[in-house]
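Below is one structure, written out as structure tokens; comments come after it.
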Amino acid sequence: MATDRDNDWRDKDAAGKVRARFDFEIEPIRSDDATRIVTVRVQPHRRRYALVEVNGERHYLDKFLRMIIPEKAVEELAVAQFGDLPVFYNPPAIESAREYASVRQGAIAGELRGESYVAPPEKARAQTQLSFAGGTRFLTFLSVDICGSSGLRRRDPVGFERAYEIFLRELATSVGHFHGAILKTTGDGFIATIDCEGYTTQCDNTVDLGLTFLAILRGSVNPALEAAGLPSLSIRVGADCGAARLRKITVPATGFEAPEVASDALNRAVKIEQSAAANELRIGRGLYELVHVQWLERCEEVEFNGKDVGIEGYQVYKVK
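Per our numbering, the sequence shown starts with residue 4, numbered consecutively.
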């Protein structure tokens, strides 16, 4: 039987409030070059919300989260989001995953023919260590795993290692394109995290990055590997978000010390990845609730055993 504690999984901000998102449509009305002031019209996103009446008062129905929000609360959200509070815009360096993959295919193919490695022109953020100076942080996590890696390695150890080298480098480069970092490699995959200002941007970039992984594998890595006679790869991708803290693991008797990220969201991302089909991205409910409607429209709920993550009834979605 689920308890309140079991279902109290939603991440809270520093003020103790559950993180939430509201999508608005923004329409420019006029601009003044002299004052550099732009006047815009802001309204609830029509693809996400429907206007309904409850007890004679206007409310907005979130068609995806199945929540009803009073119109007054929406007005307050608009003022908070577009008033004096900072607005964060941190788009990825890749504008089109399909075009990027097409260009990278040629570069990888050349390298496998003996040419020098050519880095993509898109700027990738340098790998950095996570900073936990402020204590607990809100992070998003992506777990990536190669399907059937043990069998591939056993059948062709040299070919698999070369394919894995290309796979890891190309996908890890895109982590930097999305302002993320590699948390660790696993021998047949990796775990990445995105840590940037503005949690809604974090969450949108996370879904975008997961789909970009699949596009790069499908459009550049695998075609180049196959042309070189190397094994093609399939991957599973799982993602979620939530609180994380850094702890130090120590073994006094041996002198072993290592930093470790402790996070239920990280554990969920791994379990979600393990439930995914080949070449599929799945996300947890925590991430689902914080992404833009353009991603919600591409989500389809799939069967998932919430007991695997300690949350009975936890919902998981594949992103198409």
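All residues carry an ideal CB built from backbone N, CA and C; glycine is no exception.
- Secondary structure note for G192: its beta strand (DSSP E) is the uninterrupted segment 192–197.
- In the DSSP assignment, R33 falls within the unbroken beta strand (DSSP E) covering 27–35.
- Ranked by Cα distance from F85, the first of P123, H48, I29 is I29.
- Of the candidates Y63, F67, G222, Y63 places its Cα closest to the Cα of K75.
- For S146, the enclosing beta strand (DSSP E) starts and ends at 140–149.
- For G179, the secondary structure class from DSSP, reduced to helix, strand or coil, is helix.
- Nearest to E118 by C-alpha distance, out of P124, G109, K274, is G109.
- With contact defined as three or more Cβ pairs closer than 8 Å, the stretch 246–259 and the stretch 175–194 are not in contact.
- For a cut-off of 8 Å, the C-beta gap from A166 to V178 is around 19 Å, too long to register as a contact.
- Taking a C-beta distance under 7 Å as the contact criterion, D16 and R22 qualify as a contact pair.
- Annotation for E60: no alpha helix (DSSP H) segment contains it, though the beta strand (DSSP E) segment containing it runs 60–65.
- In its chain, beyond the 5 residues on either side, I97, A100, S177 have a beta carbon closer than 7 Å to the beta carbon of T215.
- The beta-carbon separation of E173 and V224, rounded to 5 Å, stays under the 8 Å limit for a contact.
- A distance below 7 Å separates the beta carbons of D26 and V296.
- Beta-bridge pairing by DSSP links I40 to D35.
- No residue range can be given for V294, since it is assigned to no beta strand (DSSP E) and is classified by DSSP as neither H nor E.
- Between C206 and V294, the C-beta spacing is below 7 Å.
- The secondary-structure analysis by DSSP pairs Y52 across a beta bridge with D65.
- Judged by their CB atoms, A272 and A242 are nearer to each other than the 7 Å cut-off.
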